[in-house]
Amino acid sequence: MTGKVVEALPGTKFKVELENGHTIIAHISGKMRKHYIRLVPGDKVEVEMTPYDLTQGRISFRLRDEPARSAA
């Protein structure tokens, strides 16, 4: 599921707004932490969620911003 980082919270947690409009609290996955991948509000991310608690998730990937292509 994809979403957008809205706010950085203490303890490497982030408030993420999902495509469907819901807002969840998500933490960074271990691989992202290991490779020092930083997130700032406005980044698009891929989130993993468990069916047991739909208010929490894990950020597993930061999606790249595609630069606008010029029609040359």
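Residue numbers for the sequence shown follow the numbering used here, beginning at 1119 and rising by one. Glycine included, each C-beta is placed from N, C-alpha and C at the ideal position.
Label residue i either buried or exposed according to how many other C-beta atoms from any shown protein chain fall within 10 Å of its C-beta, with 16 as the threshold for buried.
{"i": "G1129", "result": "exposed"}
{"i": "G1148", "result": "exposed"}
Give me the DSSP bridge partner(s) of residue i.
{"i": "K1131", "result": "L1127, H1145"}
{"i": "T1109", "result": "Nothing about residue 1109 can be read from this structure; the chain reaches only from 1119 to 1190."}
If we ignore side chains and look at the alpha-carbon of each, how far apart do residue i and residue j end up?
{"i": "I1107", "j": "I1143", "result": "Given a span of 1119 to 1190 for the chain in the structure shown, any question on residue 1107 remains unanswerable."}
{"i": "K1133", "j": "L1127", "result": "7 Å"}
{"i": "L1172", "j": "I1155", "result": "25 Å"}
Cβ atoms of residue j and residue i: under 8 Å apart, would you say?
{"i": "V1124", "j": "E1135", "result": "yes"}
{"i": "G1175", "j": "M1167", "result": "yes"}
{"i": "K1089", "j": "K1122", "result": "The first residue shown for the chain is 1119 and the last is 1190, placing residue 1089 beyond what the model contains."}
{"i": "T1120", "j": "E1164", "result": "yes"}
{"i": "L1157", "j": "R1180", "result": "yes"}
{"i": "K1131", "j": "H1140", "result": "no"}
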